[in-house]
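Have a look at the structure below before the remarks.
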């Protein structure tokens, strides 16, 4: 599980789980162990996450039962038709940065897809090292061709990982996912959705 910012840099890497592991289970493992040092965002900000994760004070998933993936809105007469679809479309468009990050990472370090003979501990180190090198190149070589290629590419969402953005609330795992926190974030999402839709309809009038 990884988180990134909108500059295509990884901000958190939690490796060591098999690819078939449930998203929420991996997240709970990362959040439930202080030694993994999960970077809780500051109050007033949150992470954008896909529908595989539970809504919470620090995590904002899309609306369920509404179109989500950006490619579903491409083409004539496929624009958002409800407030929830508009929110999901913009949510998906922002989350695409994590797919681009992984695209660059895997293209630059093909060993990440070909290391079955290594021990789990060695694989974890390789993943973390590759992510660190990815960040170093991004920070100190802004002209890197691979980043430029992927920055302008359309990448279908894989519903695999969260992307860093901001958060509402603070605290640990229990506080982040209790009923009060989930209700507050759900109401916050509804408010964003309504504001987006009002602006969208107003601009079309």
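Residue numbers (the numbering used here): 1451 to 1655.
Built from N, CA and C at the ideal position, the CB exists for glycine as well.
- When the five nearest sequence neighbours on each side are left out, the beta carbons in the same chain lying within less than 8 Å of the beta carbon of residue 1646 are those of 1533, 1536, 1537 and 1540, in order along the chain.
- A check of alpha carbon separations from residue 1581 across 1556, 1509 and 1600 identifies 1556 as the nearest.
- Listed in chain order, the non-local C-beta contacts of residue 1650 below 8 Å within the same chain comprise 1530 and 1536, local neighbours out to five positions each way being set aside.
- Three or more pairs of CB atoms, one per stretch, sit closer than 8 Å, so the segment 1572-1590 contacts the segment 1548-1555.
- Apart from the 5 residues on each side of it in sequence, residue 1462 sits with its Cβ closer than 6 Å to the Cβ of 1453 and 1489 in its chain, given in chain order.
- If you draw a straight line from the Cα of residue 1654 to the Cα of residue 1588, it is about 38 Å long.
- By alpha-carbon distance to residue 1643, the top candidate from 1510, 1501, 1494 and 1480 is 1510.
- Judged by DSSP secondary structure, residue 1453 falls within the beta strand (DSSP E) whose first and last residues are 1452-1454.
- In the same chain as residue 1562, and ignoring 5 residues on each side of it, the C-beta atoms closer than 8 Å to its own belong to 1555, 1556, 1576, 1577 and 1580, in chain order.
- Beyond the five residues adjoining it in sequence on each side, residue 1503 comes within less than 8 Å, by CB distance, of 1473, 1474, 1477, 1509, 1511 and 1612 in the same chain, given in chain order.
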